[in-house]
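Peer 1: My questions will all concern the structure given below.
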Amino acid sequence: MVRAPFYDKNGLKKGEWSPEEDHKLRAFVEIYGQRNWRQLPKAAGLKRCGKSCRLRWMNYLRPEVKHGNFTEEEDVLIIKLHKQFGNSWSAMAKCLPGRTDNEIKNHWHSDLKKCGKRNPMTADHVKDDSSCPNEAPQNSEGQSGADSILVVTPANMILESSTLSPATSSTTELSSFVKDTYLPLWNNPFVADNIFNQDGYPSSMENYGFELPLPFDDMYYDDWAYFLYDLMQV
DNA sequence: AACATTGACAACCGCTCCGCT
DNA sequence: CAGCGGAGCGGTTGTCAATGT
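The first sequence runs 98 to 331 under this note's numbering.
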């Protein structure tokens, strides 16, 4: 299913990897770690270029890489993420533990793309939905899309709020309590960011002039991110 | 049964980014 | 600040299997 092995003019092997090569690469990386990919093949006794070794490790040999079919949940998430990130496969991969950018890209081109065409409703359904709170695309100025608000949360986590942000979406359905208490945080993301200490746990809110009956006491920053994310869905 | 088409996926290629000197 | 090298990323290709005609 892949290119037959061959040697290029520099004597470097290309094409399909043999089990023996896989074994050498895996053993070497597990002992010495992922660094200096250019030197690695020589040190590991592989007649491959560093790039090829890196790719093989990242996409296939890494223990955390999941092999096998994508689940329905993963499919839905990928469609949502594609709405959010476009073709930033690596960003999408960060939101899908165990899946590589290459896998997602292949899956998209071979399967999900045509699903979107076939069923535009699916695409509409996920429109403007921020499905991954971990990452958001930024332009060179560190901003996302023109109409977006960037919410920087702990650990440099960035939430992109599009038109669905609480400030602009169906606020009528947003309880006044939530609006009055959390929207100031929403609109002051850097304050929100500071409520967490370096370990990712919340510091005292009174330090920042907030008296919130919060779920914060035992709220880790991930929870906080998802809490904001949930607000966006209101 | 033979041939053509499509799907799936590993791997390659070229470009960009980033850190170091 | 510029140049260089390594790493990472996204697009593309090549090949085989499955399916259709």
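Ideal Cβ positions, reconstructed from N, Cα and C, are used throughout, including at glycine.
Identify whether F125 lies in helix, strand or coil by the three-state DSSP scheme.
Peer 2: helix
Peer 1: Select from S207, G112, N203 and K163 the residue whose C-alpha is nearest the C-alpha of R196.
Peer 2: K163
Peer 1: Of the residues N156, P116, E161 and M155, which one's Cα is nearest the Cα of L143?
Peer 2: P116
Peer 1: From R159 to L152, what distance separates their C-alpha atoms?
Peer 2: 10 Å
Peer 1: Measuring straight from C-alpha to C-alpha, what distance separates Q181 and D198?
Peer 2: Here the C-alpha atom of Q181 lies approximately 15 Å from the C-alpha atom of D198.
Peer 1: Give me the Cα-Cα distance between D172 and A190, rounded to the nearest whole angstrom.
Peer 2: Distance between the alpha carbons of D172 and A190: 12 Å.
Peer 1: Keeping to the same chain, check which residues put their C-beta closer than 7 Å to that of Q110; ignore five residues upstream and five downstream.
Peer 2: Rather than Gln, the amino acid found at residue 110 in this sequence is Lys. Taken in chain order, the residues that qualify are P102, Y104, K144 and R145.
Peer 1: Classify S149 as buried or exposed, calling it buried when 16 or more other Cβ atoms lie within 10 Å of its own Cβ.
Peer 2: buried
Peer 1: Between K121 and A140, how many whole angstroms is the CB-CB distance? I'm expecting something under 8 Å.
Peer 2: About 10 Å; that fails the 8 Å criterion.
Peer 1: Please list, in chain order, all residues of the same chain as G112 whose beta carbon is under 7 Å from its beta carbon, the five residues on each side excluded.
Peer 2: V99, R100, A101, P102 and F103
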